[in-house]
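Some notes on the structure that comes next.
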Amino acid sequence: MSRFLPTEKTDPELAPFRAGLVFGFFNAPAWQISIGTPMVLFCEQLGASPFQVGLAYSFVFLLTPIQILATALLPQFGYKRVMLGGWGIRAIFLLVPVWLAIMAPRWGVQPWMASALIGSVFCFCFFRTIGAAAIMPFLYSILPPKARGRYFGSDQFLSGLAGVGTLLACAGLFALLPIYTALLVQYGIALFSSYMSFMALRRLPDAPNPPAMKLMQLIKDTPRHMFAPTPFRRFLWLAVIYAVLSTPIPPFLAYYLKVGPQLGAGQIMGFEVLRFSGVIVAAAFIRRRIDHSGARPFFLLTMVLYVAVGVFWWSYLEGLLSGLAVIYAAYFVLGLAAASWTIANLNYLAQVVEENNRALMIAVMGAVTACSGGLSPILWGLVLKSESELGAAIDVNVFQIFFLFVIAAVVVLSSLLAKLAEDKDAPVESLVIGNAIFRPFRAATYLASLIDLREVSPPSSPKSDETSQPRT
205 MSRFLPTEKT DPELAPFRAG LVFGFFNAPA WQISIGTPMV LFCEQLGASP FQVGLAYSFV
265 FLLTPIQILA TALLPQFGYK RVMLGGWGIR AIFLLVPVWL AIMAPRWGVQ PWMASALIGS
325 VFCFCFFRTI GAAAIMPFLY SILPPKARGR YFGSDQFLSG LAGVGTLLAC AGLFALLPIY
385 TALLVQYGIA LFSSYMSFMA LRRLPDAPNP PAMKLMQLIK DTPRHMFAPT PFRRFLWLAV
445 IYAVLSTPIP PFLAYYLKVG PQLGAGQIMG FEVLRFSGVI VAAAFIRRRI DHSGARPFFL
505 LTMVLYVAVG VFWWSYLEGL LSGLAVIYAA YFVLGLAAAS WTIANLNYLA QVVEENNRAL
565 MIAVMGAVTA CSGGLSPILW GLVLKSESEL GAAIDVNVFQ IFFLFVIAAV VVLSSLLAKL
625 AEDKDAPVES LVIGNAIFRP FRAATYLASL IDLREVSPPS SPKSDETSQP RT
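In the numbering used here, the protein residues as written are 205 to 676.
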């Protein structure tokens with residue numbers, strides 16, 4: 205692991221930016237707990253309905269337009285102040301679930317508690333979104349161009365390591381401790397990780413403010429990019445269909461397994477480890493091959509994998525399959541499918557954007573697909589909700605219909621993706637958005653920026669007075 209944390213001796217070019225890698229390491233537990241599966245399980249424990257769970261899970265996607273608008277703050281306040289403000293304030297709202305984990309076993313579950321948790325998730329996501337508007341252009345502005353590959357490679361390793369460690373730790377805590385004690389420890393980890401990531405950001409060198417953004421141009425050009433008959437529009441709406449199909453699967457699977465077969469929270473977190481493992485395997489396999497084969501074969505591979513996911517879960521809900529081993533396998537395949545789409549998407553999107561409108565078109569893609577995907581869990585939550593003697597539940601019959609819908613829609617989407625025009629010999633560089641490949645269900649949100657990363661250059665000397673002292 206030491207070789208991924210540069211020092212003046214091992215990698216003097218990257219050493220001044222070591223704090224950024226520390227930020228990535230500690231940021232992973234913060235978001236995985238606060239807006240990931242532990243949050244879904246906490247909502248269920250507090251009696252939240254499928255609609256409420258879908259709502260909480262969707263905030264990070266629905267707020268993506270705010271991320272685009274927040275880039276307008278960068279010319280006035282600078283990268284670091286926006287990041288520190290957004291990520292600093294978001295940590296405050298982790299105190300709400302910490303307090304709920306303490307009080308719920310003492311007072312008993314109260315009707316307002318689920319709403320309080322969901323409200324805290326909204327506020328966390330809102331301020332996280334503001335901070336996220338700055339992170340990628342900020343890193344590109346301070347990193348030497350020749351060192352960016354090494355930096356992002358280390359960032360992916362450390363974030364992936366922290367992600368797997370977080371999932372394993374959560375699984376162990378759920379297995380060994382009472383549910384509320386486990387949640388208290390987990391949100392304590394998230395709060396501590398948020399603090400450490402904030403302090404790491406403070407140690408990074410600052411960068412010059414970017415030029416002013418043309419928000420009116422954004423408002424004027426966005427409808428044209430969305431609806432004018434171009435290859436970009438065609439791919440945009442295919443990506444929207446994919447987002448609508450795929451986004452609801454992780455939260456509702458976790459919710460169903462908790463309230464349906466009533467599996468333990470530790471077991472469900474173990475399934476998440478397999479899903480993340482599938483992401484890692486797919487990333488390692490595909491990234492070495494996509495430049496030669498093109499994106500289209502991996503789009504089609506994604507569709508085959510999602511058909512397999514849909515068939516499996518329909519069969520499981522029908523009672524034709526059972527056992528933990530098959531669920532582990534299904535989660536692994538889900539991770540393979542999500543990462544396959546993300547890598548192919550980043551490769552193909554670079555081919556269909558206009559050079560003179562690249563940043564805006566990529567931001568439109570991120571915002572539209574993320575918002576569409578975010579609406580999907582909310583709408584499905586309305587029809588999936590049910591009641592049982594034990595409280596809120598999920599309607600299994602409707603859940604089966606959901607997976608039949610996924611299968612049918614994926615078949616149609618496959619035929620449309622197969623017709624995408626692609627020139628594999630065109631010299632187009634895939635988009636690089638940090639460690640988003642290891643966060644495939646949130647990858648679209650990383651595209652939402654009005655700054656073209658290719659045009660962001662670091663100062664001539666990273667050791668100059670302008671960049672060696674962070675502004676706080």
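For every residue, glycine included, the Cβ atom is placed at its ideal position computed from N, Cα and C.
Taking 7 Å as the limit between beta carbons, can you name the residues of its chain near Ser590, skipping five residues before and five after?
Along the sequence shown, one-based indexing puts residue 590 at 386. Only Ala597, Ile598, Asp599 meet the Cβ criterion.
Please say whether Val264 and Thr546 have beta carbons closer to each other than 8 Å?
The sequence position of residue 546 within the sequence shown is 342, counting from 1. The sequence position of residue 264 within the sequence shown is 60, counting from 1. Not in contact: Thr546 and Val264 (Cβ atoms no closer than 8 Å).
Report yes if the C-beta distance between Phe255 and Gly464 is below 8 Å; otherwise report no.
Looking up residue 255 in the sequence shown gives position 51. Looking up residue 464 in the sequence shown gives position 260. Not closer than 8 Å, so no.
Would you list the residues sitting across from Glu591 in a DSSP beta bridge?
For this step, residue 591 is matched to residue 387 along the sequence shown. The partner list for Glu591 (beta bridge, DSSP) reads Ala596.
Skipping 5 residues on each side, what residues in its chain have a beta carbon closer than 7 Å to that of Leu617?
Mapped onto the sequence shown, residue 617 falls at position 413. Counting only Cβ-Cβ distances below 7 Å, and skipping sequence neighbours, we find Leu442, Ile445, Tyr446, Met507.
So, using beta-carbon positions, are Leu422 and Leu564 closer together than 8 Å?
For the purposes of this step, residue 422 is identified with residue 218 of the sequence shown, where counting begins at 1. For the purposes of this step, residue 564 is identified with residue 360 of the sequence shown, where counting begins at 1. Yes. Within cutoff.
Report, in whole angstroms, the separation of the C-beta atoms of Ile334 and Gly289, which I expect to be a contact under 8 Å.
Here residue 334 refers to the residue found at position 130 when the sequence shown is read from its first residue. Here residue 289 refers to the residue found at position 85 when the sequence shown is read from its first residue. Contact holds; Cβ gap of about 7 Å.
Does the ligand MG have even one heavy atom less than 7 Å from the beta-carbon of Tyr535?
For the ligand MG, the structure offers nothing, since it holds no ligand at all.
Looking at the secondary structure, which residues open and close the alpha helix (DSSP H) in which Asp741 lies?
Residue 741 lies beyond the stretch modelled for the chain, which goes from 205 to 676, so this question has no answer here.
Within a Cβ cutoff of 6 Å, which residues of the same chain sit near Ile270, ignoring the five residues on either side of it in sequence?
Locating residue 270 in the sequence shown gives position 66, where the first residue counts as 1. Thr333, listed in sequence order.
Can you tell me where the alpha helix (DSSP H) with Arg406 in it begins and where it stops?
Within the sequence shown, residue 406 is the residue found at index 202, counting from 1. Unbroken alpha helix (DSSP H) run through Arg406: 383-407.
In whole angstroms, what separates the C-alpha of Leu405 from that of Pro210?
Counted from its first residue, the sequence shown places residue 405 at position 201. Counted from its first residue, the sequence shown places residue 210 at position 6. Between Leu405 and Pro210, the C-alpha separation is close to 16 Å.
For Arg643, does the three-state DSSP call read helix, strand or coil?
Taking the first residue of the sequence shown as position 1, residue 643 is located at position 439. Reduced to three states, the DSSP call for Arg643 is coil.
Classify Phe229 as buried or exposed, calling it buried when 16 or more other Cβ atoms lie within 10 Å of its own Cβ.
Stepping through the sequence shown from its first residue, residue 229 is reached at position 25. Looking at its Cβ environment, which holds 16 or more other Cβ atoms inside 10 Å, Phe229 is buried.
Would you kindly check if the distance between the Cβ of Cys329 and the Cβ of Pro242 is under 8 Å?
Position 38 of the sequence shown, counted from the start, is the residue given in the question as residue 242. Position 125 of the sequence shown, counted from the start, is the residue given in the question as residue 329. Not a contact, by the Cβ cut-off of 8 Å.
So what's Glu607 in DSSP terms, helix, strand or just coil?
For the purposes of this step, residue 607 is taken as residue 403 along the sequence shown, with counting starting at 1. It is Phe, not Glu, that sits at residue 607 in the sequence shown. Phe607 falls in the helix class under three-state DSSP.
Work out the CA separation of Gly240 and Leu395 for me, nearest whole Å.
The residue you call residue 395 lines up with position 191 of the sequence shown. The residue you call residue 240 lines up with position 36 of the sequence shown. Roughly 14 Å between the two C-alpha positions.
Does the contact criterion of 3 or more C-beta pairs under 8 Å hold for the stretch 243-262 versus the stretch 445-459?
With the cut-off at 8 Å, the stretch 243-262 and the stretch 445-459 touch.
Using a 10 Å radius around the Cβ and a threshold of 16 neighbouring Cβ atoms, would you call Asn231 buried or exposed?
In the sequence shown, counting from the first residue as 1, residue 231 sits at position 27. Classification of Asn231: buried, given that the 10 Å Cβ count is 16 or more.
By how many angstroms is the C-alpha of Met400 removed from the C-alpha of Cys575?
As a working mapping, residue 575 is identified with position 371 in the sequence shown. As a working mapping, residue 400 is identified with position 196 in the sequence shown. Answer to the nearest angstrom: the Cα atoms are 30 Å apart.
Comparing C-alpha positions only, which one of Val257, Ile393, Phe607 sits nearest to Leu298?
In the sequence shown, counting from the first residue as 1, residue 298 sits at position 94. Ranking Val257, Ile393, Phe607 by Cα distance to Leu298 puts Ile393 first.
Which stretch, first to last residue, makes up the alpha helix (DSSP H) that contains Arg179?
No information on residue 179 is available, as it lies outside the stretch 205 to 676 that the chain covers here.
Can you tell me where the alpha helix (DSSP H) with Gln426 in it begins and where it stops?
As a position in the sequence shown, residue 426 is number 222, starting the count at 1. It is worth fixing the name first, because residue 426 is Thr in this sequence and not Gln. Start and end: 419-431.
Could you give the distance in angstroms between the alpha-carbon of Ser238 and the alpha-carbon of Trp316?
Position 34 of the sequence shown, counted from the first residue, corresponds to residue 238. Position 112 of the sequence shown, counted from the first residue, corresponds to residue 316. Spanning the two alpha carbons is a distance of roughly 19 Å.
Between the Cα of Leu250 and the Cα atoms of Gln314, Glu212, Ala652, Asp425, which residue gives the shortest distance?
Sequence index remark: in the sequence shown, residue 250 carries index 46 (1-based). The option with the nearest alpha carbon to Leu250 is Gln314.
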